[in-house]
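Asker: Start counting the sequence shown at 0; every next residue gets the next number (numbering that gives the first Met the number 0).
C-beta atoms are modelled at their ideal positions from N, C-alpha and C, and glycine is treated no differently.
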Amino acid sequence: MEFNIAVIKGDGIGPEIVTEAMKVLDAVASKYGHKFNYTQILMGGCSIDAYGVPLTEEALNTAKNSDSVLLGAVGGNVGNSKWYDVAPNLRPEAGLLAIRKGLELFANIRPAYLFDELKSACPLKEDVIGEGFDMVIMRELTGGIYFGERHTEEVNGVLKATDMLTYDENEIRRIAVKAFEIAMKRNKRIVSVDKANVLDSSRLWRKVVREVAKDYPEVTVTDMLVDNCAMQLVMNPGQFDVILTENMFGDILSDEASMITGSIGMLSSASLGSTKLGLYEPSHGSAPDIAGKNIANPIATILSAAMMLRYSFDLDTEADAVEAAVRKVLKEGYRTVDIMSEGCTQVSTTEMGDLISARV
Ligand code: NAD
Numbered sequence: 000m001e002f003n004i005a006v007i008k009g010d011g012i013g014p015e016i017v018t019e020a021m022k023v024l025d026a027v028a029s030k031y032g033h034k035f036n037y038t039q040i041l042m043g044g045c046s047i048d049a050y051g052v053p054l055t056e057e058a059l060n061t062a063k064n065s066d067s068v069l070l071g072a073v074g075g076n077v078g079n080s081k082w083y084d085v086a087p088n089l090r091p092e093a094g095l096l097a098i099r100k101g102l103e104l105f106a107n108i109r110p111a112y113l114f115d116e117l118k119s120a121c122p123l124k125e126d127v128i129g130e131g132f133d134m135v136i137m138r139e140l141t142g143g144i145y146f147g148e149r150h151t152e153e154v155n156g157v158l159k160a161t162d163m164l165t166y167d168e169n170e171i172r173r174i175a176v177k178a179f180e181i182a183m184k185r186n187k188r189i190v191s192v193d194k195a196n197v198l199d200s201s202r203l204w205r206k207v208v209r210e211v212a213k214d215y216p217e218v219t220v221t222d223m224l225v226d227n228c229a230m231q232l233v234m235n236p237g238q239f240d241v242i243l244t245e246n247m248f249g250d251i252l253s254d255e256a257s258m259i260t261g262s263i264g265m266l267s268s269a270s271l272g273s274t275k276l277g278l279y280e281p282s283h284g285s286a287p288d289i290a291g292k293n294i295a296n297p298i299a300t301i302l303s304a305a306m307m308l309r310y311s312f313d314l315d316t317e318a319d320a321v322e323a324a325v326r327k328v329l330k331e332g333y334r335t336v337d338i339m340s341e342g343c344t345q346v347s348t349t350e351m352g353d354l355i356s357a358r359v
């Protein structure tokens, strides 16, 4: 089969890790007889440097006309880069928000899975880890406080900043439906996370999730406050199957979940809408602190490419092959520096890509 993939390498370690994911996709193409056509587009800081904006209309249209989009990461050092002290709509991360909105990708899926081989890298105690964990965080992606009105003003000589958090019931319903569909393919348990003891938007969230739940009687739904969820993730991560939550809570909780897997460099993610077109990217950022050193872990991006094969192209066997190749390489003891442990062999970004490609 033939697919057109828009590739956004982005900033920082983005170009290094995406190159490795493309290497693995090429290995899949040659083994299974597919053709992947790549069109590279700029987004983030590199687009600001080239065009003055984080995402051009043309780049967005290329993404829209593709079968899928593979992304590295965008952004520079927070608070200390040439792209930071500019209007919010001209920062690298604005490209990210614009492409999610432009492609109508309202659901972000982030698996948090503990590889057996990386149990020692998990910062939790063995008795907390237990049998390990395998959860998916479903985060609403195009609404909430990141998309609300915001401004800073001076009132009576005092600076005051405002960010609006708004959700309508349709936005909540469509992400809830996606979460229930995913739960049906997994262990049929959803924990819906909110702050309903304080926020109106969370009360609406709870009400709509309850309504949607009626169509999925096999799925067990529990409500959990976000502060409790943050604690439960490190106290008993094995209890979770699907965590369903709004944009900002999901942003924070998914980073927490990524840390307990042992490395942020291992976590993939998919952003989906109502069509097959998806945006696939690692859960981590552009890691400017290690950019250009050939030490970044490319596995999160490679596993994101596997999700692309599964969700956008319906190539389940090929996705399984990539995931199995990652597990094999870990079992054989190869590690990038972020997940390195005693007795293992340390490899570079490019070597990790080569090893995984060879085992597809
Ligand atoms: P980050 O995820 O880039 O880095 C956090 C820490 O994890 C760093 O120490 C980094 O070296 C390490 N790390 C991240 N990915 C790694 C990998 N693949 N291998 C090994 N180590 C890895 O988060 P940050 O430092 O808060 O943000 C840096 C920049 O990335 C900022 O500009 C931020 O806005 C941006 N960002 C972009 C995205 C995205 O493009 N989707 C997401 C989050 C942050």
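1) Just reading off the alpha helix (DSSP H) that N246 is part of, what are its end residues?
2) Would you mind working out which of A324, G342 and R138 sits nearest G332, comparing C-alpha positions?
3) Anyone know if the C-beta pair for S285 and G13 falls short of 8 Å?
4) Could you give the uninterrupted runs of the beta strand (DSSP E) lying entirely in the stretch 298–330, keeping only those of 3 residues or more?
5) Can you say whether R138 is buried or exposed, counting buried as having 16 or more other CB atoms within 10 angstroms of its CB?
6) Comparing the CB of D222 with every heavy atom of the ligand NAD, is any distance shorter than 7 Å?
7) Could you check whether the stretch 112–129 touches the stretch 260–268, counting it as contact only if at least three pairs of C-beta atoms, one from each stretch, sit closer than 8 Å?
8) Beta-carbon separation of E92 and V73 under 8 Å?
9) To the nearest angstrom, how far is the alpha carbon of M306 from that of T348?
10) Do G291 and I338 count as a contact pair if the criterion is CB distance below 8 Å?
11) By the DSSP assignment, the alpha helix (DSSP H) with L232 in it spans what residues?
12) Which partner residues of T161 appear in the DSSP bridge assignment?
13) Is any heavy atom of the ligand NAD found at a distance shorter than 7 Å from the C-beta of V368?
14) Can you give me the C-alpha to C-alpha distance between T344 and R334, rounded to a whole angstrom?
15) For A182, which option in S273, V220, D288 and E255 has the closest C-alpha, if you only look at C-alpha atoms?
16) Would G32 be called buried (16 or more neighbouring beta carbons within 10 Å of its own) or exposed?
17) Would you check whether the ligand NAD has a heavy atom nearer than 7 Å to the C-beta of S347?
18) Along the chain, where does the beta strand (DSSP E) containing I108 start, and where does it finish?
19) Can you name, in chain order, every residue of its own chain whose Cβ lies under 6 Å from the Cβ of V346, other than the five neighbours on each side?
20) Which class does E103 belong to by DSSP, given the choice of helix, strand or coil?
21) Which value, in whole angstroms, describes the spacing of the CA atoms of E168 and L203?
22) Short check: CB of T38 to CB of N3, under 8 Å?
23) Near I171, what residues of its chain come up, given a Cβ to Cβ distance below 6 Å and the 5 sequence neighbours on each side ignored?
24) Given R188, which residues of its chain have a CB within under 6 Å of its CB, disregarding the five upstream and five downstream residues?
25) Would the stretch 274–284 and the stretch 92–103 be scored as touching if the rule is three or more Cβ pairs under 8 Å?
26) Between A299 and the ligand NAD, is there a pair consisting of the residue's CB and a ligand heavy atom that are separated by less than 7 Å?
27) Would you grab the beta carbon distance between V211 and V176 for me? Rounded to a whole angstrom, and I think it's under 8 Å.
28) Starting from A212 and walking both ways along the alpha helix (DSSP H), at which residues does that stretch end?
29) Taking the Cβ atom as the reference point for each residue, do M42 and L54 lie within a distance shorter than 8 Å?
30) For the ligand NAD, I want to know if I40 counts as a neighbour, meaning its beta carbon is within less than 7 Å of at least one of the ligand's heavy atoms.
31) Ignore the nearest five residues each way along the sequence and tell me which others in D201's own chain have a CB closer than 8 Å to its CB.
32) With a Cβ-Cβ cutoff of 8 Å, do A324 and E15 count as a contact?
33) Does the beta-carbon of G11 have 16 or more other beta-carbons within 10 angstroms, so that it is buried, or is it exposed?
34) Among the candidates K34, A58, E1 and G51, whose CA atom is the shortest distance from the CA of K381?
35) In whole angstroms, give me the CA-to-CA distance for V328 and L354.
Answerer: On the basis of the supplied data:
1) N246 to I259
2) G342
3) yes
4) none
5) buried
6) no
7) yes
8) yes
9) 20 Å
10) no
11) V225 to M234
12) H150
13) Residue coverage of the chain in this structure runs from 0 to 359, which leaves residue 368 outside it and unanswerable.
14) 6 Å
15) V220
16) exposed
17) no
18) A106 to Y112
19) Y333
20) coil
21) 7 Å
22) yes
23) W204 and V207
24) T219 and D240
25) yes
26) yes
27) 6 Å
28) D199 to A212
29) yes
30) no
31) Per the sequence presented here, residue 201 reads as Ser, with Asp not at that position. Only D193, K194, A195 and E245 meet the Cβ criterion.
32) no
33) buried
34) Since the first residue of the chain shown is 0 and the last is 359, residue 381 is not available in this structure.
35) 7 Å
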